[in-house]
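In our numbering, the protein residues as written are 92 to 340.
All C-beta atoms, glycine included, are put in the ideal place defined by N, C-alpha and C.
Quick caveat, the model's predicted, so the values are computed rather than measured.
Heads up, the thing below is written out as structure tokens.
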Amino acid sequence: MSESSNSLAREPTRTTLRSTDTTTPETTPDPSEIAETLLKAFYAQDEREAHLRAGDADAARRVADAARDLMGEAFVAEFPHVPEPAAHLGGVRFVEALFVQDEIENREAFADAVAEYGLDADLFLTDVEVPEGPVLADPRWDLVEAYLRDVCDHVDVDYDYASAQTRFWKLHGQTMDWMDAAATAHRIKLDAMLDGFDVSAPEIARLADYFVAGVAGHDEWGDDEVEAVDGIVGLVTRYYEELFALRGN
């Protein structure tokens, strides 16, 4: 992974998933299945946060691994021109960037959980000691961006995506005006997902708007996975239908 100057960061122990496959499957992905896979990945990420807060180490590990694998599957479908192991690992690193974001935004709650429940350090990707200053100035944002640059390396996305996505997450977590930042970041990712295809700027903007709407839907999720996923799976399915159609799938 790209080096970070953040002194709070610890290089985590991670398993590289799907390291044996060398080709991307020939079959066309099913938009509804990929939509459900993506949403379940985000739900598992949310569950990691909830289990850490509650001091349930085993459950936190289980859903963290599920989030990694599910997001890896989604990235394989999103980047079919990238070798499957690299695309899958890009998804893993994306989720790990989200884990670091969670550790920043929930820093007091996670520190309290460690003190109360004695959670092991290896459950976290960063040190849980709360740094001084506001959340937006937390030095671990540098690590979030470093993970996202690693994503870019695996799936050949411009590094501008890493900085733009980090900015989006900063604003979103503080309930600031995040939608334009989210759309900007996602357009950069879409340029890479549609590499080699003649796609107009309005078509890319339309897909980015679907992404922003999906984030807004995610913000309304409750505690029930089926209810949460079912609430926006139709929207995300349409996003993938249009993405795959633009690629000629």
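- With DSSP collapsed to three states, give me the class of residue 257. As a position in the sequence shown, residue 257 is number 166, starting the count at 1. Taken through DSSP and simplified to helix, strand or coil, residue 257 comes out as helix.
- Query: Is the beta carbon of residue 35 sitting closer than 8 Å to the one on residue 324?
  - Reply: Residue 35 falls outside the range modelled here, since the chain spans only 92 to 340, and no answer is possible.
- If we ignore side chains and look at the alpha-carbon of each, how far apart do residue 54 and residue 302 end up? Any question about residue 54 goes unanswered here, given that the chain covers just 92 to 340.
- Task: May I ask which residues mark the beginning and end of the alpha helix (DSSP H) holding residue 190?
- Result: Position 99 of the sequence shown, counted from the start, is the residue given in the question as residue 190. Here the alpha helix (DSSP H) through residue 190 covers 175 to 196.
- Task: Could you check which residue in 240, 219, 283 and 210 has the C-alpha nearest to that of residue 149?
- Result: Position 58 of the sequence shown holds residue 149. Residue nearest to residue 149 within the set 240, 219, 283 and 210 is 210 (criterion: CA-CA distance).
- alpha helix (DSSP H) containing residue 232: first to last residue? Taking the first residue of the sequence shown as 1, we reach residue 232 at position 141. In this chain, the alpha helix (DSSP H) harbouring residue 232 covers 232 to 246.
- Message: Just to confirm the assignment: which complete alpha helix (DSSP H) runs, minimum length 4, are found wholly within the segment 193 to 230?
- Response: Counting only runs of 4 or more, we get 198 to 208.
- Item | Supposed contact pair residue 188 and residue 239 - C-beta distance, whole angstroms, cut 8 Å | As a first step, residue 239 is located in the sequence shown; it is residue number 148 there, counting from the start. As a first step, residue 188 is located in the sequence shown; it is residue number 97 there, counting from the start. That belief holds up - the Cβ atoms of residue 239 and residue 188 are roughly 5 Å apart, short of 8 Å.
- Go through the segment 114 to 169 residue by residue and report every complete run of the alpha helix (DSSP H) that reaches 4 residues or more, in order. The qualifying runs are 122 to 145 and 148 to 169.
- Task: Using beta-carbon positions only, say whether residue 219 and residue 195 come within less than 8 Å of one another.
- Result: Translated into positions along the sequence shown, residue 219 becomes position 128. Translated into positions along the sequence shown, residue 195 becomes position 104. Taking 8 Å as the Cβ cut-off, residue 219 and residue 195 do not qualify as a contacting pair.
- DSSP state of residue 339 mapped onto helix, strand, coil: One-based indexing of the sequence shown puts residue 339 at position 248. Three-state result, residue 339: coil.
- Alpha-carbon to alpha-carbon, residue 185 and residue 289: Mapped onto the sequence shown, residue 289 falls at position 198. Mapped onto the sequence shown, residue 185 falls at position 94. So the two alpha carbons sit approximately 27 Å from each other.
- To the nearest angstrom, how far is it from the Cα of residue 155 to the Cα of residue 133? Here residue 155 refers to the residue found at position 64 when the sequence shown is read from its first residue. Here residue 133 refers to the residue found at position 42 when the sequence shown is read from its first residue. The alpha-carbon atoms of residue 155 and residue 133 are separated by roughly 10 Å.
- Whole-angstrom distance between residue 305 and residue 268, CA atom to CA atom: To locate residue 268, count along the sequence shown from 1; it is residue 177. To locate residue 305, count along the sequence shown from 1; it is residue 214. Spanning the two alpha carbons is a distance of roughly 16 Å.
- Item | Distance between beta carbons of residue 179 and residue 167, contact taken as under 8 Å | As a first step, residue 167 must be located in the sequence shown, where it is residue number 76. As a first step, residue 179 must be located in the sequence shown, where it is residue number 88. Residue 167 to residue 179, Cβ: 5 Å. Contact.
- Alpha carbon to alpha carbon, how far is residue 206 from residue 157? Counting from one through the sequence shown, the residue named residue 206 turns up at place 115. Counting from one through the sequence shown, the residue named residue 157 turns up at place 66. Using only the alpha carbons, I get a separation of about 26 Å.
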